[in-house]
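A.B. asks: With the sequence shown counted from 1, adding 5 to any position gets you the numbering used here.
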Amino acid sequence: MIKVLIIDDSASIRAVFRAVLESSPQIIVCGEAADAFEARSLIKKLQPDVITLDIEMPKMDGITFLRNLMRLHPIPTIMISTRTELGSVLSIEALSLGAIDCIHKPNFNDIDQIADEIISKVLVAAKTHVLNASSIYDDENPQLEVTGEYIKDRLIAIGASTGGVPAIEQVIARLPTNCPPIIMVQHIPEYFAHTFVKRLDEKYPLNIYLAAEGQTINAGCVYLAPGNHHLEVIKKMGKYHCKLHQAERVCYHRPSVDILFNSVAEITNGNASAALLTGMGKDGAAGLLAMKKKGCFTMIQDEATSLVWGMPKAAAELGAADKVVPLHHTAHTLLNSCYVNGATYAS
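Following this line, the structure appears as structure tokens:
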């Protein structure tokens with residue numbers, strides 16, 4: 006049985022969540038806490054497998070509690086948020102700190118619509134191996150300085166899912182402004198994608214965009230698939246462009262990493278590099294293999310630094326990866342693949 010501790014200052018919300026979670030035969034709610042201080046003592050006493058954590062609470066907010074938790078006693082955590090802009094910003098902050106996922110706090114009329122989502126996310130969280138954030142994610146991210154020219158028309162494609170928000174940030178933090186263009190898919194709710202892009206664009210020198218239909222793809226820029234839209238790369242008049250559409254979900258996802266990787270494989274004829282990072286499931290594995298078969302450089306994040314070694318593992322089992330790399334080596338590895346004789350770093 007998966008033991009869950011519910012942390013929320015609302016007794017009525019706690020009761021609703023208890024009823025939803027215990028409708029699953031795999032889950033038992035081992036306790037409830039109204040604030041962070043009560044939660045701290047219950048965690049020590051009950052040793053839950055997963056916690057659900059409200060963001061806005063009295064005495065100590067959920068973000069501060071999560072930051073301390075992930076530093077001292079990492080536990081798979083599902084955040085509870087609202088659909089406000091503030092809630093979106095705080096949810097992205099929570100994901101960057103190591104939360105497994107975020108759920109919109111429902112009103113009582115909507116609870117039936119998201120009950121399955123709540124249960125499925127707790128089941129996923131229980132399978133993750135949460136490490137001390139500082140052991141994987143560096144606050145001090147030395148930006149790489151690369152001299153020379155990269156291979157003409159080179160593209161970098163990145164795919165990620167669960168755990169991908171902090172993983173992608175760690176890669177972006179190290180990339181120089183003269184890097185090849187980067188196209189990314191992160192499985193993220195539609196209402197969080199804009200906030201995630203805004204966060205990255207404000208923190209790092211690269212130009213980072215939420216991909217738009219027909220947008221030209223340029224060097225030194227990053228393009229993230231918007232929520233609920235597949236992102237492909239097409240070529241018009243010698244230039245790469247973004248193509249968005251809402252075709253059927255692939256591996257239960259829209260956007261899908263497979264859709265992006267397959268399009269890059271076809272349009273670049275091998276002149277691309279790809280990284281498949283942490284995530285649950287197998288989205289991206291087949292697409293990575295398609296890229297490798299076309300002559301692209303392919304890599305996956307290793308198990309030790311992945312929050313969930315699902316998507317990378319699926320790619321490894323297909324023989325789709327040229328290299329298996331820890332997260333902190335991902336930026337170097339991608340850059341080295343984009344230069345004729347490997348990247349030369351300025352001293």
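Idealized CB from N, CA, C, for every residue including glycine.
(1) With distances taken from CA atoms, which of THR82, SER166 and SER96 is nearest PRO317?
(2) Using only alpha-carbon positions, find the residue among PRO79, VAL330, LEU77 and ILE108 that is nearest to GLY92.
(3) In the segment 236-297, which residue ranges form an unbroken beta strand (DSSP E) of at least 3 residues, counting only runs that do not cross its ends?
(4) Using the beta-carbon count (16 or more within 10 Å), is TYR257 buried or exposed?
(5) Between LEU332 and ARG179, what straight-line distance do the alpha-carbon atoms span, to the nearest angstrom?
(6) Count the other C-beta atoms from every protein chain shown that fall within 10 angstroms of the C-beta of VAL9, then say buried if there are 16 or more, exposed otherwise.
(7) Per DSSP, what kind of secondary structure is GLU27 in: helix, strand or coil?
(8) With a threshold of 8 Å, are at least 3 pairs of Cβ atoms found where one atom belongs to the segment 194-203 and the other to the segment 296-314?
(9) For TYR209, which option in HIS235, PRO147, PRO53 and LEU51 has the closest C-alpha, if you only look at C-alpha atoms?
(10) Measure the Cβ-Cβ separation of VAL238 and VAL202 and say whether it is below 7 Å.
(11) Would a C-beta distance cut-off of 7 Å place SER101 and VAL176 closer than the cut-off?
(12) What would DSSP say about TYR196, mapped onto helix, strand or coil?
(13) Please classify ALA49 as buried or exposed, where buried requires at least 16 other C-beta atoms within 10 Å of its C-beta.
(14) Where LEU236 and MET189 are concerned, what is the direct C-alpha to C-alpha distance, given to the nearest angstrom?
(15) Tell me which residues share the same chain as ILE1 and place their Cβ nearer than 6 Å to its Cβ, disregarding the 5 neighbours each side in the sequence.
(16) In whole angstroms, give me the CA-to-CA distance for CYS14 and ARG72.
(17) I think ASP263 touches GLY292, with their Cβ atoms under 8 Å apart; what is that distance to the nearest whole Å?
(18) Rounded to whole angstroms, what's the CA-CA distance from MET229 to ALA216? Just pull it up for me.
(19) Where do the ends of the alpha helix (DSSP H) carrying THR69 lie?
(20) Kindly identify the DSSP beta-bridge partner or partners of LEU340.
(21) Since ALA321 and CYS301 should fall inside the 8 Å C-beta cutoff, what is the C-beta to C-beta distance between them, to a whole number of angstroms?
(22) I'd like to know whether the C-beta atoms of THR82 and ILE56 end up nearer to each other than 7 Å.
(23) Quick check: what's the CA-CA separation for ILE123 versus LYS110?
C.D. replies: Looking at the atomic coordinates:
(1) That would be SER166, whose Cα lies nearest to the Cα of PRO317.
(2) Ranking PRO79, VAL330, LEU77 and ILE108 by Cα distance to GLY92 puts ILE108 first.
(3) Runs found: 244-250 and 277-281.
(4) Counting Cβ neighbours within 10 Å, TYR257 comes out exposed, since fewer than 16 surround it.
(5) Their Cα atoms are separated by approximately 11 Å.
(6) VAL9 counts as buried, since no fewer than 16 other beta carbons sit within 10 angstroms of its beta carbon.
(7) Looking at GLU27 - three-state DSSP - the assignment turns out to be coil, as it is neither helix nor strand.
(8) With a cut-off of 8 Å, the segment 296-314 and the segment 194-203 do not count as touching, because too few Cβ pairs lie within range.
(9) Nearest of HIS235, PRO147, PRO53 and LEU51 to TYR209, Cα basis: PRO147.
(10) By the CB criterion at 7 Å, VAL238 and VAL202 fall outside the cutoff.
(11) A distance of 7 Å or more separates the beta carbons of SER101 and VAL176.
(12) It is helical.
(13) The sequence shown places Lys at residue 49, not Ala. Of the other Cβ atoms in all chains shown, fewer than 16 fall within 10 Å of the Cβ of LYS49; this residue is therefore exposed.
(14) Taking C-alpha positions only, LEU236 is separated from MET189 by approximately 8 Å.
(15) Only positions 6 to 352 of the chain appear in this structure, which leaves residue 1 out of reach.
(16) It should be pointed out that residue 14 corresponds to Asp in this sequence rather than to Cys. If you take the alpha carbons of ASP14 and ARG72, they lie about 19 Å apart.
(17) The beta-carbon distance between ASP263 and GLY292, rounded to whole angstroms, is 4 Å. This is short enough to meet the 8 Å contact definition.
(18) Note that residue 229 is Leu in the sequence shown here, rather than Met. For LEU229 and ALA216, the distance between alpha carbons rounds to 5 Å.
(19) In the DSSP assignment, THR69 falls within the unbroken alpha helix (DSSP H) covering 67-77.
(20) In the DSSP assignment, LEU340 forms no beta bridge with any residue.
(21) Between the beta-carbon of ALA321 and that of CYS301 there is about 16 Å, and that puts the pair past the 8 Å contact cut.
(22) Their beta carbons are under 7 Å apart, which means THR82 touches ILE56 by this criterion.
(23) Spanning the alpha carbons of ILE123 and LYS110 requires a straight line of approximately 10 Å.
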